[in-house]
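Each remark here refers to the structure printed beneath this line.
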Amino acid sequence: SNHPITSVVVPDTVTYAYFNNLEGLKKVTLGSNVKFYSFSGSNSLEEIIVSENNAEFSSLDGVLYNKDKTAMEEYPCARTKEYDIPTSVIDIKDYITAEVVKINGNINSNTHAKMNHILKGTKTLIIGDDVSDIPFMFLINSLENIIVSDGNPNYTFDNGTLFSKDKKVLIRAFNVAGMDNYIIPNG
């Protein structure tokens, strides 16, 4: 019987790593010279690991980034656990399949327009302490809840509604079970 390949280690001598449509592939380890990759259609992928000696890419907690971790390059599509975006990330180039995503820093404006696609399955968004700019919030159709960390100086979440910290700006209200009417509090 055929057994699917579940793990691949790409040696340091390889520059191109294409693993398209490999059902069952769960883990890929990229060697130090990989400069180009593709995992398109490999829907079982859960983890990407990169050699520390790779000049182009790095990985953290199974997610692929550029070397300095300012851009998230590839999110393994079978990974659904909570994803904590590092503060250093300002660009997201792939969609995230996690239902709970925590943003720790500010994402660049080029990425804002893509956020509904990038976070298409995200139900809960956690806003970390260092987030001060979230115009993409309106573009994420799947959102059901927001959690704002207590240390965030810019935002607060109260009774199903995201506000500026001083509650003078209502940013987004969510449907709350059992609530027929919503009265905007004085701010």
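41 is the number of the first residue of the sequence shown in my numbering; add one for each residue after it.
We put the beta carbon where it would ideally sit given N, CA and C, even for glycine.
- Shown here, I158 sits in a helix according to DSSP, grouped into three states.
- When beta bridges are read from the DSSP output, K142 appears opposite D124 and I166.
- Here DSSP, grouped into helix, strand and coil, assigns N93 to coil.
- In the structure shown, the three-state DSSP call for S47 is strand.
- In this chain, N181 is not harboured by any beta strand (DSSP E), its DSSP state being neither H nor E.
- In this structure, T162 keeps its C-beta atom at 7 Å or more from the C-beta atom of I130.
- Under the criterion of beta carbons closer than 8 Å, I143 and I167 qualify as touching, at roughly 6 Å.
- Membership of T201 in the beta strand (DSSP E) is indicated by the continuous run T201 to S204.
- Distance from the CA of K75 to the CA of P193, rounded to the nearest whole angstrom, comes to 40 Å.
- Contact between D173 and N146 is confirmed by a C-beta separation of about 5 Å, below the 8 Å threshold.
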